[in-house]
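Working notes, beginning with the structure itself.
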Amino acid sequence: EGLLEKLEMIEGLTFKLEVRDITSRDDWFQSYQYEVPVLCINHCGQEKLLPRPSPRASVEQLQRMLRKYFPVSESK
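Numbered per our numbering, the sequence shown spans residues 2 to 77.
Quick look at the structure:
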């Protein structure tokens, strides 16, 4: 399973996944040609680069990592 498939299996986190082709923009290609896959979070209109997960990370490990960046809101 690749990162995309693992992200699609994550439950309990609400996020919009956007897949980008880094070859469609020269600035993306220059920045990320050796870093694919890249995960970013859009917070208040600013993109923040997230740590690159290990290719061997399980869905559960990936979910744990992402929970640090996606706070879970508790219903009252």
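For every residue, glycine included, the Cβ atom is placed at its ideal position computed from N, Cα and C.
The structure presented is a predicted model; accordingly, all values stated were derived computationally and were not measured.
Open item on the list: For G13 and S59, what's the separation of their Cα atoms in angstroms?
Closed with: Just so you know, the alpha carbons of G13 and S59 end up roughly 16 Å apart.
- [ ] Indicate whether at least one CB of chain C lies closer than 8 Å to the CB of C41.
- [x] Among the chains in the structure shown there is no chain C, since it carries only a single protein chain.
Open item on the list: Which same chain residues end up closer than 6 Å to L63 when comparing Cβ atoms and leaving out the 5 residues on each side of it in sequence?
Closed with: Once the five neighbours on either side are set aside, the close Cβ partners of L63 are K7, P54.
Open item on the list: Since Q34 and I42 should fall inside the 8 Å C-beta cutoff, what is the C-beta to C-beta distance between them, to a whole number of angstroms?
Closed with: Incorrect: roughly 21 Å between the Cβ atoms, too far for contact.
Open item on the list: Taking only three categories from DSSP, how would you classify S76?
Closed with: Confidence is the limiting factor: at S76 the pLDDT is only 44, short of 50, which leaves the residue's position unreliable and the question unanswerable from this model.
Task: Three-way DSSP call (helix, strand, coil) for L50 in this model - done: Note: L50 maps to strand in three-state DSSP.
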